Amino acid sequence: MSEEEKYKIALFMVIRNSKVMPKGIELGKTEKEINKMSYQTMQELLKMIDFERAEKMYKEGASDE
67 MSEEEKYKIA
77 LFMVIRNSKV
87 MPKGIELGKT
97 EKEINKMSYQ
107 TMQELLKMID
117 FERAEKMYKE
127 GASDE
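Residue numbers (my numbering): 67 to 131.
Next up, the structure:
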């Protein structure tokens, strides 16, 4: 598994476990439905991000200064 795949899966799991799964359980959705919605949410999120700006914020957060 590549590093890129690991990051995508990690992002998927954060979205699934923190946002989609609690609401899906509340609505009585199946695990397959929750996984599908999590993936769709991840795809939409990736379209919305300003990656240049996000990279600057990431580097600030990773900085020791």
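In this text, a Cβ means the ideal position worked out from N, Cα and C, and glycines have one as well.
Small disclaimer: the values here were computed from a predicted structure and weren't measured.
Whole-angstrom Cβ separation of residue i and residue j, contact assumed at under 8 Å?
i, j, result
"I87", "I100", "It is Met, not Ile, that sits at residue 87 in the sequence shown. 5 Å between Cβ atoms; contact."
Going by C-alpha to C-alpha distance, which of the options sits closest to residue i?
i, options, result
"L111", "K122, M67 and L77", "L77"
"Y73", "M103, M108, E92 and E131", "M108"
"S104", "G94, G90, K113 and I115", "G90"
"M79", "E92, Q106, K95 and G94", "Q106"
"R82", "F117, I115, K113 and K102", "K102"
Looking at the unbroken alpha helix (DSSP H) that takes in residue i, where does it start and where does it end?
i, result
"V80", "E69 to I81"
"I115", "Careful: I115 lies outside any alpha helix (DSSP H) and carries neither H nor E."
"K89", "M87 to E92"
Under 9 Å between C-beta atoms, does residue i make it to chain D?
i, result
"R82", "In the structure shown, chain D cannot be found, because there is only a single protein chain."
Counting only the same chain and skipping the five closest in sequence on each side, list residues whose C-beta sits under 7 Å from that of residue i.
i, result
"E70", "none"
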